[in-house]
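Residue numbers (this note's numbering), protein chains in the order written: chain A, 62 to 747; chain B, 129 to 287. Here a beta-carbon is modelled for each residue, glycine too, at the ideal position from N, C-alpha and C. Predicted, not measured: the structure shown is a model, and the values here were computed from it.
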């Protein structure tokens with residue numbers, strides 16, 4: 062089976078190269094048969110890469126420790142679940158997985174467009190397959206999953222303990238789905254440039270792809286935050302690590318793109334900007350992969366340093382930048398706007414400002430991430446750039462975006478009249494002022510937190526008013542009840558109202574971030590029977606009583622568990638446990654935190670230290686002194702709730718609606734020919 | 129004398145002076161320690177000091193809490209770690225030397241982008257035909273029709 066996987070990988074390289082050449086050549090020469098061959102190679106390529114993935118998973122399940130990759134990330138005691146996820150636990154497997162997901166999306170794009178957008182498809186296939194060939198070359202040249210050990214050990218090293226967590230199993234695949242899905246709109250942009258069709262068609266065609274990529278990337282980032290929160294055991298969820306930043310970079314430009322395409326669709330403006338944004342998003346996805354894989358920048362969760370991979374990635378990235386820039390320069394005459402901006406007080410201007418802030422945020426995150434390398438290169442001294450820098454630079458930008466979220470969707474296109482401004486913004490501004498005032502009177506003094514809640518209320522009010530106005534109008538016109546009218550309103554314009562829901566989720570998430578202004582932290586050392594108190598900013602007090610410490614062996618590890626009784630304002634509120642796990646194969650000790658969740662805050666317990674861990678494990682010390690770090694994290698649950706709301710909003714916008722079918726459209730659909738039946742020159746435009 | 133050395137000496141003096149009467153941590157000293165720790169990288173791994181799981185990092189955190197309780201300020205605590213483990217323990221680049229570039233570029237980029245955008249906006253608005261160039265003044269009836277049309281347009285936009 063493993064040999065089949067290796068052969069499949071080599072065949073994938075050949076098929077990918079064939080598809081790339083046939084796609085570009087077929088498009089250029091107007092050869093439909095070549096294009097068809099390229100398209101069919103997409104299906105073959107996916108089948109071959111899926112076979113490779115299957116072979117890697119099989120080698121994990123069959124404990125084939127003769128393979129370096131399996132021996133490095135698995136052992137006999139590892140559960141089947143984590144053996145399967147071993148596919149993306151390490152550098153090698155995750156690169157194959159990355160390529161397979163891209164091949165899958167390539168197949169879907171080809172299948173989806175088998176009868177439409179024919180002029181784009183040769184170059185789309187060519188571009189996707191070029192990217193795939195690059196990844197296969199990286200795998201074969203620098204990170205082969207089928208590399209054999211000098212000898213076959215009896216057991217493997219096991220999986221990194223911190224990766225043995227539910228969120229870590231779904232975080233990387235979701236992130237990869239986001240990164241890879243952005244390749245499809247990028248490929249359409251390249252195709253639009255090569256074919257000279259720079260109207261809105263490539264944008265409307267890839268609208269769902271962009272949303273899908275954004276959906277996966279957003280959720281991948283949120284899953285990573287959840288993993289960090291429950292697994293890294295320090296009470297935070299985002300620490301501006303280079304690898305985290307790398308995933309945020311394409312998200313920022315991708316989000317800017319989602320907004321700016323609306324201006325091109327409505328007003329025929331920003332054509333070049335949109336091409337640049339989607340190219341930038343794709344390039345940043347590759348950059349993110351490069352940053353994670355090269356190990357050039359010190360990070361908590363990057364893969365080991367691999368200079369071969371670093372050079373290959375750098376070469377590919379440079380080539381992509383040059384080709385993209387050359388294509389845009391070549392077609393620079395075709396980007397003329399179809400209309401002009403009429404006023405700075407308009408939706409177009411608000412969206413432009415939104416784009417400016419997103420791009421500024423991306424550049425500042427990028428700059429901070431690479432600054433240690435830059436400083437070392439230019440001054441010989443590596444200057445560390447940590448979370449305080451990113452917070453200081455990006456929080457003001459985030460607040461600006463929060464305000465623009467409320468302005469952009471409701472301000473009029475072309476030019477807002479004073480009446481439009483008064484009508485749309487009186488209630489939101491009042492809400493913002495009231496919330497800010499209430500917080501100030503309530504004793505809040507953190508400027509950023511007050512601003513977050515004020516701007517959040519401003520934006521949330523605009524969203525509620527939009528839903529209210531639309532529903533009321535529909536109820537009156539159609540004679541429906543309020544809730545049926547609301548459902549039909551969203552159904553009729555999923556993109557617009559789905560977008561509002563995403564904005565609402567963003568607001569809730571930001572309010573969750575602002576909760577950190579009221580974080581409480583306490584560290585104490587206790588013996589069984591002793592207690593500690595910690596006061597919540599919401600006015601109540603938790604009393605924690607350290608009951609006992611127990612130890613027992615589990616699969617793959619030995620657990621030491623501290624149990625604490627929790628009382629809330631004197632009333633019993635359950636038991637909280639925190640653990641120290643010693644993983645046998647890797648001899649690593651990992652903390653597992655205990656979290657008591659409420660709607661408004663988390664009580665977060667870390668077992669920071671045990672004075673006699675061996676005594677506890679051997680049962681000789683029944684009353685060990687334990688050090689606990691206890692945190693109250695206000696509003697953290699809102700971050701996850703906000704993420705869920707954003708996911709619901711994106712799915713609402715993504716969900717296919719019933720397209721109005723005119724008789725002409727229906728006729729055209731029935732008669733749509735297969736590619737082979739069409740006159741080739743008419744089909745493919747060079 | 130280098131600022132770090134001065135800071136370390138000042139801290140050492142403060143610590144010596146207060147050894148006779150060790151202070152109990154207060155919420156204020158805890159806040160100072162937490163703020164200082166949040167601005168430091170861990171010398172014992174790739175993490176920030178406040179989240180580093182290493183036992184030595186825990187010891188260093190305790191040491192900083194104790195120093196804060198004895199009266200050390202935030203900059204003194206940071207100076208203590210920097211003097212012991214090196215300048216790259218600062219997680220916040222200094223606003224001098226090469227570190228200044230870290231702070232300058234983001235606002236400069238934003239300002240340049242805003243200036244470019246403003247220029248483009250002016251150019252685009254300037255490119256639109258002016259009212260004066262559009263032709264002779266409108267009659268009262270034409271003006272009324274135009275106002276009605278604009279009102280309709282605005283209503284459409286609002287919906």
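Starting from the Cα of residue 600 of chain A, find the closest Cα among A:585, A:662, A:587 and A:584 and give me that residue.
-> Comparing alpha carbon positions, the residue from A:585, A:662, A:587 and A:584 closest to residue 600 of chain A is A:662.
Starting from residue 207 of chain B, find everything on chain A with Cβ-Cβ shorter than 7 Å and list it in chain order.
-> None at all; the shortest Cβ gap to chain A is about 15 Å.
Min CB distance residue 166 of chain B to chain A below 8 Å | With respect to chain A, the C-beta atom of residue 166 of chain B has a partner C-beta closer than 8 Å.
Cβ of residue 646 of chain A within 8 Å of Cβ of residue 124 of chain A?
-> Not closer than 8 Å, so no.
Taking C-beta to C-beta, are residue 230 of chain A and residue 146 of chain A nearer than 8 Å?
-> Between residue 230 of chain A and residue 146 of chain A, the C-beta gap is smaller than 8 Å, which places the two residues in contact.
Beta-carbon contacts of residue 109 of chain A that lie in its chain and below 7 Å, excluding the five residues immediately before and after = Only 69, 72, 73 and 76 meet the Cβ criterion.
In chain B, which residues lie less than 9 Å from residue 424 of chain A when you measure between Cβ atoms?
-> By Cβ distance, chain B contributes 233, 234, 237, 238 and 241.
Return the first residue and the last residue of the beta strand (DSSP E) that residue 436 of chain A is part of.
-> In the DSSP assignment, residue 436 of chain A falls outside any beta strand (DSSP E) and within the unbroken alpha helix (DSSP H) covering 408-440.
Residues in the segment 197-231 of chain B having any Cβ partner in chain A nearer than 9 Å | When C-beta distances to chain A are compared with 9 Å, the residues of the segment 197-231 of chain B below that value are 215, 216, 217, 218, 219, 220, 221, 222, 225, 226, 227, 229, 230 and 231, in chain order.
Minimum C-alpha distance to residue 563 of chain A - residue among A:575, A:525, A:455 and A:586 = Looking at the Cα atoms, A:525 is the closest of the given residues.
Collapsed DSSP secondary structure at residue 126 of chain A in the structure displayed | Coil.
Hey, could you find the ends of the beta strand (DSSP E) residue 620 of chain A is sitting in?
-> It spans 618-629 - the beta strand (DSSP E) in which residue 620 of chain A sits, taken as one unbroken run.
Continuous alpha helix (DSSP H) stretch holding residue 311 of chain A: start and end = Residue 311 of chain A -> alpha helix (DSSP H) spans 303-328.
Uninterrupted beta strand (DSSP E) stretches inside the segment 553-600 of chain A (no shorter than 3 residues) | Those beta strand (DSSP E) runs which fall completely within the segment 553-600 of chain A and span 3+ residues are 581-587 and 592-596.
Alpha helix (DSSP H) segment containing residue 523 of chain A, residue limits = Looking at the DSSP string, the run of the alpha helix (DSSP H) that includes residue 523 of chain A is 508-539.
Which stretch, first to last residue, makes up the beta strand (DSSP E) that contains residue 402 of chain A?
-> Boundaries for residue 402 of chain A: no beta strand (DSSP E) harbours it, and the DSSP string shows neither H nor E there.
Cα-Cα separation, residue 208 of chain B to residue 435 of chain A = Roughly 26 Å separates the two Cα atoms.
CB-CB length for residue 713 of chain A against residue 276 of chain A, believed under 8 Å = The pair is not a contact, with the Cβ atoms about 11 Å apart (cut-off 8 Å).
Interface residues of chain B facing residue 449 of chain A [CB-CB closer than 7 Å] | Residues of chain B whose Cβ lies closer than 7 Å to the Cβ of residue 449 of chain A are, in chain order, 166, 167, 219 and 220.
Looking at the structure shown, is residue 226 of chain A part of a helix, part of a strand, or coil, going by DSSP?
-> It is coil, neither helix nor strand.
N-terminal and C-terminal residue of the beta strand (DSSP E) that residue 650 of chain A is part of = DSSP places residue 650 of chain A inside the beta strand (DSSP E), whose first and last residues are 649-653.
Nearest neighbour of residue 220 of chain B, chosen from A:158, A:631, A:159 and A:449 [CA to CA] = When only C-alpha atoms are compared, the closest one is A:449.
With DSSP collapsed to three states, give me the class of residue 358 of chain A.
-> In the structure shown, residue 358 of chain A sits in coil (DSSP, three-state: anything other than H, G, I, E or B).
Presumed contact (8 Å Cβ cut-off) between residue 188 of chain A and residue 303 of chain A, rounded CB distance | The Cβ separation is near 28 Å, so there is no contact.
Below 8 Å on the Cβ atoms is my guess for residue 703 of chain A versus residue 528 of chain A; work out the distance and round it to an integer in Å.
-> Between residue 528 of chain A and residue 703 of chain A the Cβ distance is about 18 Å, and since that is not below 8 Å, they are no contact.
Would you say residue 413 of chain A reaches chain B, if we count a Cβ-Cβ gap shorter than 8 Å as a contact?
-> At least one chain B Cβ lies under 8 Å of residue 413 of chain A.
Contact with chain A by residue 192 of chain B, beta-carbon distance below 8 Å | So, not an interface residue.
Cβ of residue 369 of chain A less than 8 Å from any chain B Cβ?
-> Not closer than 8 Å to any Cβ of chain B, the Cβ of residue 369 of chain A fails to qualify, so no.
Between A:335, A:338, A:336 and A:371, which lies nearest to residue 349 of chain A when the distance is taken from Cα to Cα?
-> Looking at the Cα atoms, A:371 is the closest of the given residues.
Quick one: grab the DSSP three-state call for residue 178 of chain B.
-> In this structure, residue 178 of chain B counts as helix in the three-state DSSP scheme.
Exposed or buried, which one is residue 260 of chain B when buried takes at least 16 other CB atoms within 10 Å?
-> Annotation note: pLDDT 43 at residue 260 of chain B (below 50); position unreliable, coordinate value reported separately. With fewer than 16 other Cβ atoms within 10 Å, it is exposed.
Under a Cβ-count criterion, where at least 16 other Cβ atoms within 10 Å of its own Cβ denotes burial, should residue 178 of chain A be classed as buried or exposed?
-> So residue 178 of chain A ends up on the buried side.
Thinking residue 271 of chain A and residue 246 of chain A are a contact (beta carbons under 8 Å), I'd like their distance in whole angstroms, please.
-> Indeed they touch by this definition, with Cβ atoms about 5 Å apart.
Run the CB neighbour count on residue 342 of chain A, radius 10 Å, all protein chains shown included, and call it buried at 16 or more, exposed below.
-> By the neighbour-count rule (16 or more Cβ atoms within 10 Å), residue 342 of chain A is buried.
Using DSSP with H/G/I as helix, E/B as strand and the rest coil, what is residue 139 of chain A?
-> In the displayed model, residue 139 of chain A falls within coil according to three-state DSSP, outside both helix and strand.
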